[in-house]
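Line by line, the protein sequences give chains A and B. So in our numbering, spot 178 of the first sequence is number 178, and the numbers just go up one at a time. So in our numbering, spot 152 of the second sequence is number 152, and the numbers just go up one at a time. We put the CB at the ideal spot given by N, CA and C, even for glycine. Input: a single structure, listed below in structure tokens.
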Amino acid sequence: MSEASLFVEAPPEAGTKSSRGFLLRTLRHQPAAMAGALFLVSMTVTAILAPWIAPYPLHEQVGPVFGPPSWQHLLGLDDGGIDMVTLLIWGLRTSLVVGFAATFVSMVIGGTVGVVAGYFGGGIDTVLMRITDYFLVIPDVPLMIVVAAIWGPSLFHIIIVIGILLWTSTARVLRAQVKSVRERVYVKRARALGAGHTRIVVRHVLPQVAPLLIASTVLTIAVAIFDETALSFLGLGDPSNISLGRIIENAFERAAISTGAWWAIVPPGVLVAMLILACSLVGGSLEDALNPRLRVAHLSARTFRLRPLVGRGEDAL
Amino acid sequence: MRGTDYVLKRVGFAIVTVFVAVTINFVLFRLAPGTAVSNLSRVPHATQQLRHALEVQFGLDKSKWQQYVIYLKQLAHGNLGISYENEQPVSTNLRIALINTLPMVTLGTVFAIVFGTFTGVIAAWRRGTKTEGLTVSSALGFYAMPTQWLGLMLIIIFAGVLPTGGMTNEFLLNPPFWTHVKDLASHILLPALTLGLVLYGEYTLIVRSAMLETLGEDYILTARAKGLKPRTIVRKHALRNAMLPITTLIALSLGYIVAGAILIETVFSWPGIGRAVYEAVLQRDYPMLEGAFLVLTFSVIFFNLVADLLYFKLDPRITE
């Protein structure tokens, strides 16, 4: 099965009552998502092991400027005579750190806003969703640029800037889901039995929205990595840390293209694209598996299926 | 009149959002480390008097609140300050830049909407076939590429065939009208294509999933049961209803177009508003950055409002 058919067949049992093992189950049924997940894991391991597996030192000229690929330097050398493979491994490390950390920040904000707004409803919900609406309309990249330019370039600033601007969609998605979970019978029973807000949220609501949160996290990682390359490209990256965005920027600034040194500019972009693709495959397939409406199609003959009647009751997603 | 209510509500929301954006802008730039005065008075032997004179000149001796009111007043008169870089009014600089950006962005977006809708519909219709696999994977591919990098790749591919930077050929002095148009057209192709391809990927995926949702509706089953042709079902029943989510999502992606324009104009040295942002960042030209951010935010808010109103026109049942 090609990677594209990923959004096509959702596993029939996904999206039913139990969310346990949902992640693994979805991945097992979708080879493309599985490949994406494996790629992400292997890249994470590579990034962690960077100090030990990088073939050459990061800050040392080890060959001719813009030296072409050879057996010693599989992807050639950059404008400073630094080995491209080494650069990519370290750049991957920084990009993933930014991706994960910024996503963590935005998941904490988005998760809190979504759960609080959905769970308590009423005035709190209105206020929080209004704030979310404003953030949704204000274009994030220009705002990121402004904030990063004012604060000055540093990895920490970049993480915070990206983190505080990417939470809106998570908040909205979670809120909708929490709203429906809140009305389910078992939550009402728990409340009737005297469970407090904290207990209901932690024991009953969070497990139900966890798959959505995971899907949203994976998709946000992609956006965070993308935004980091954008900020770095505009010269707002951390000058002391090499990231994939910085490698692209350096190659562009130092005229790798007019020199004909494609090896200095093609691989970092391919790596970013593969990371984003892997995140989209995993996140997208999780999201689709969670959306039972996508499992029915009345038109294409090959997948003609009726909307399943199960899951239409009050405990439907 | 529920319709009027809805329109008023959306317009009100847009106005409040503009206000919020303006306030964010004011706060952000006043939170910047150091004031204009602390920079300017960093001359040797700067006296307290000089500092004070400068503070009065820039209105920094007033309370933050008064400063905010003054800022709003200036803004209402379209006064965005003076660029540090070329000492021209920021509004003039931005107007020129915006006029340069619009054709490029419009061309790319129209390309993306036309092709994205087409392939998205095909992908949903031919669900589970090779056609879908091919369209979805190409869309995902374009969606995943960093915008600036895709631009650089197009430069590598088309170098020598098409101009890869600037808006006009500067060696053409006073060209005849048609030569000028041809020159512009050849310069606009690559930046517009870059934007178009990135958006194409996104739109294909959006249109496809919106179509998949509508194709699962019961009225599609009814239409099929009536024996309508698949083509008619897709065009008259599915696509029309799928237009709603598509309109919203395309409107929401406008912020993305803006971001894309910044990166693309930087890559192709297109003298538009995105490049103005890039230059302002490089030169720490805060008034320009401030102005450009406001213009970009306003345009996104404006087009979101247009989409909201369009949404209402497409489906008058919507009032929330």
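The beta-carbon separation of Val-115/A and Val-178/A, rounded to 5 Å, stays under the 8 Å limit for a contact. In the three-state reduction of the DSSP assignment, Leu-134/B falls in the helix class, which pools H, G and I.
Look at Pro-239/A here: in three-state DSSP terms it is coil, with no helix or strand label. Secondary structure of Pro-89/B (DSSP, three-state): strand.
Inclusion of Leu-58/A and Thr-86/A in the CB contact set at 8 Å is warranted, their separation being smaller than that value. Contact of Ile-156/B with chain A by beta-carbon distance below 7 Å involves Ile-257 and Trp-262. Between Ala-223/B and Pro-245/B, the CB-CB gap reaches or exceeds 8 Å. Contact of Val-11/B with chain A is not assigned, every C-beta pair being separated by 8 Å or more. By alpha-carbon distance to Arg-175/A, the top candidate from Leu-213/A, Ile-200/A and Pro-55/A is Leu-213/A.
Taking 8 Å as the Cβ-Cβ cut-off, the region 183-198 of chain A has no residue approaching chain B. Using a Cβ-Cβ cut-off of 8 Å, Phe-104/A does not count as an interface residue toward chain B, since no Cβ of chain B sits closer than that to its own.
Taken in chain order, the members of the region 219-246 of chain A whose beta-carbon sits within less than 7 Å of a beta-carbon on chain B are Phe-226, Thr-229, Ala-230, Phe-233, Leu-234, Gly-235 and Leu-236. Against Leu-152/B, the close residues of chain A are Phe-252, Ile-257 and Ile-265, in the order they occur along the chain (beta-carbon pairs closer than 7 Å). Between Thr-147/B and Ile-257/B, the gap from beta carbon to beta carbon reaches 8 Å or more. The C-beta of Asp-5/B has fewer than 16 other C-beta atoms within 10 Å across all chains shown, which makes the residue exposed. Only buried fits Tyr-286/B, as 16 or more other CB atoms lie within 10 angstroms of its CB. Residues of the region 271-289 of chain A with a C-beta less than 7 Å from any C-beta of chain B: Val-272, Ala-273, Ile-276, Leu-277 and Ser-280, listed in chain order. In the structure shown, the three-state DSSP call for Asp-79/A is coil. DSSP, read as helix, strand or coil, puts Ala-159/B in strand. Neighbourhood of Leu-282/B in chain A, by CB distance below 8 Å: Gly-235, in chain order. Listed in chain order, the positions of the region 111-131 of chain A with a beta carbon within less than 8 Å of a beta carbon of chain B would be empty, since no residue qualifies. Chain order gives the chain A residues near Trp-149/B as Thr-229, Ile-248, Ile-265, Pro-268, Gly-269, Val-272 and Ala-273, where near means a beta carbon separation below 8 Å. Note on Leu-77/A: 16 or more other CB atoms within 10 angstroms of its CB, so buried under the neighbour-count rule.
Assigned with DSSP and collapsed to three states, Ile-265/A falls in coil, not helix or strand.
For a cut-off of 8 Å, the C-beta gap from Met-104/B to Gly-272/B is around 7 Å, short enough to register as a contact.
DSSP places Gly-63/A in no alpha helix (DSSP H); its state is neither H nor E. Secondary structure note for Asn-79/B: it is in no alpha helix (DSSP H), with a DSSP letter that is neither H nor E. Look at the region 134-222 of chain B and you find these whole runs of alpha helix (DSSP H), each 4 residues long or longer: 147-158 and 177-215.
The region 99-107 of chain A and the region 46-58 of chain A do not touch, with fewer than three beta-carbon pairs separated by less than 8 Å.
In the DSSP assignment, Lys-313/B falls within the unbroken alpha helix (DSSP H) covering 286-314. For the pair of segments examined, the region 96-115 of chain B was found to touch the region 176-192 of chain B: the number of CB pairs separated by less than 8 Å reaches three.
Contacts between Val-137/A and chain B, judged by CB atoms closer than 7 Å, involve Thr-17, Val-300, Ile-301 and Asn-304 in chain order. One thing to note: Ala-215/A has its Cβ no nearer than 8 Å to the Cβ of Gly-163/A. In this structure, Pro-267/A sits away from Leu-155/A, with a CB-CB distance that is not shorter than 8 Å. When the Cα atoms are used, Val-27/B and Gln-67/B turn out to be separated by approximately 11 Å.
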